[in-house]
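Residue numbers (the numbering used here), protein chains in the order written: chain S, 1327 to 1461; chain B, 569 to 954.
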Ligand SMILES: [Zn+2]
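See the structure below:
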């Protein structure tokens, strides 16, 4: 069984296009100036509708994580163990991703991270993931 | 309209004794539970004019329009119904909505029921909370199993407050101890903290014994007005307060990994009942995972944020402690076919009416139930009393 891949829509296409080029985008509200994740047609802070993508620095800290050892989702069975994580980007928003190439014993909340881009079974989709900032 | 505190009663309840039922369709279990709860109340199916269920998961037998299909199976045509689908907490939410409907005169006799073949059911399928389109396209591709989403909160709570694996395990140990005297419980042999920590890791830091068990079962309860309850002359528990709250579904939208929306559903429930946490005698806390209980106890104000670990380790949650919880053994040891909310209400009713199958607390006056659905997504809190 194949892993679920992003089903891209009109609003999110720029994000996935940028990821393919090795750039991480987040949304920013032109009304209140806040960054927003994930992309929407409204700003959940000020409820304005004038939003644009900006390039993120691609760095942040590990907010929460779990090393997944068992899963009922058989499409991820070949990946076990893998790290599900929430990363707080320097822009202040949090994203979900996998942590790659960090030994399990080095994982801890607040670990500095940087984005890396990983290919998928679909050549048009590249998934942003994170690894140790110093790696 | 203010919440009709004390105006609506639970007058009957039934929990299926089944825990493994291969070959039995979940609707058959639901029908058995509905009839059992009505018999306990001294009522009949023909008296029912309100109905609530959620049976949309494959193991529950229905799909998106499960309320229509289950009512059809029962052969009832209720004038009031609810199928609010917020995961395991759904049935507590249904009970709160039903209390409002009964007080408003929209329904007279409401049955809330649930069943699933969580153990023997065919093709459980992926356990993601959504699909990889829309918001889910930014999370589902990374493989968030249900256990791992709760594990995120456990890891963050441990980081922020120093909560330990042993403290989380103490919750599972207490639920198992309670299950030991419940002949219907799925697992009854005592376990130790060491047993929990040496059980296989599922998603760090949660071990297998930090996770709810999987069963085939169901349950139902019957609600009606105080006036009708008094006319029936049966055992009754009254709905004193209720609150519900939505948090998030995507983990990347979770504002604070160390608490839950029960902060809000709890505050609403206490306010509507005019009660404080110190006035609650016992509680049934949704125990999908040990961390769910710890976060909920803090969110409801039974202890301060960050003190949940010390609270559960102190024996406060044991019978005879400050706040005995999950007296039937909970989802961690007794019964969890997929969603547990219905059983939390049933056990609260049994404690208050002196009809518990296992641990029976001496004369509790109030019992709080609080459910958490999805991935720490939505909560419902209800306070019952005599
Ligand atoms: Zn804004």
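The C-beta atom is built at its ideal place from N, Cα and C for all residues, glycine as well.
In the DSSP assignment, residue 638 of chain B forms no beta bridge with any residue. Taken through DSSP and simplified to helix, strand or coil, residue 791 of chain B comes out as strand.
In the structure shown, residue 940 of chain B adopts extended strand secondary structure according to DSSP, grouped into three states.
As DSSP reads the structure, residue 786 of chain B sits in a beta bridge with B:683. With its beta carbon less than 8 angstroms from one in chain S, residue 708 of chain B belongs to the interface. Between residue 930 of chain B and residue 919 of chain B, the CB-CB gap reaches or exceeds 8 angstroms.
Between the segment 777–786 of chain B and the segment 663–679 of chain B there are fewer than three C-beta pairs closer than 8 angstroms, too few to call the two in contact. At least one heavy atom of ligand 1 lies closer than 7 angstroms to the C-beta of residue 1360 of chain S.
Between residue 755 of chain B and residue 781 of chain B, the C-beta gap is smaller than 8 angstroms, which places the two residues in contact.
Look at residue 666 of chain B: its C-beta is not under 8 angstroms from any C-beta on chain S. Inter-residue distance for residue 770 of chain B and residue 714 of chain B is about 11 angstroms (C-alpha atoms, whole angstroms).
Cβ-Cβ distances below 7 angstroms link residue 736 of chain B to 722, 778, 858, 859 and 862 in the same chain, with the five nearest sequence neighbours on each side left out; the list follows chain order. CA-to-CA, the gap between residue 1349 of chain S and residue 1380 of chain S works out to about 10 angstroms. In chain order, 1389, 1390, 1391, 1392, 1410, 1411 and 1412 make up the part of chain S whose C-beta sits under 9 angstroms from the C-beta of residue 720 of chain B. Restricted to the segment 713–761 of chain B, the alpha helix (DSSP H) segments that are unbroken, complete and at least 4 residues in length are 714–729 and 733–747, listed in chain order. Contact of residue 1338 of chain S with chain B by beta-carbon distance below 7 angstroms involves 705. Look at residue 809 of chain B: its beta carbon is at least 7 angstroms from all of the heavy atoms in ligand 1.
Of all alpha-carbon atoms in B:583, B:772, B:700 and B:726, the one lying nearest the alpha-carbon of residue 1335 of chain S is that of B:700. Listed in chain order, the non-local C-beta contacts of residue 634 of chain B below 6 angstroms within the same chain comprise 623 and 624, local neighbours out to five positions each way being set aside.
For residue 1397 of chain S, the closest Cβ of chain B is nearer than 8 angstroms. The beta carbon of residue 1362 of chain S sits closer than 8 angstroms to those of 1352, 1353, 1354, 1355, 1369, 1370, 1371, 1377 and 1419, all from its chain and outside the five residues before and after it, given in chain order. Minimum Cα-Cα distance from residue 1398 of chain S among the listed residues B:686, B:641 and B:595 corresponds to B:686. Taking 7 angstroms as the cut-off, one finds no heavy atom of ligand 1 near enough to the beta carbon of residue 1418 of chain S. Comparing alpha carbon positions, the residue from B:851, B:915 and B:924 closest to residue 890 of chain B is B:851. Inter-segment contact for the segment 940–952 of chain B and the segment 802–811 of chain B is present: three or more beta-carbon pairs are separated by less than 8 angstroms.
Per DSSP, residue 917 of chain B is not a residue of any beta strand (DSSP E); the alpha helix (DSSP H) it occupies stretches across 909–921. For residue 700 of chain B, the neighbours in chain S by C-beta distance under 7 angstroms run, in chain order, 1330, 1331, 1332 and 1333. With a cut-off of 7 angstroms, the C-beta of residue 1371 of chain S is classified as near ligand 1, since at least one heavy atom of the ligand falls inside that distance.
Under a criterion of Cβ atoms nearer than 7 angstroms, the residues of chain B adjacent to residue 1402 of chain S are, in order, 711.
Among the CB atoms of chain S, none fall inside 8 angstroms of the CB of residue 828 of chain B. Beta-bridge partners assigned by DSSP to residue 862 of chain B: none are found.
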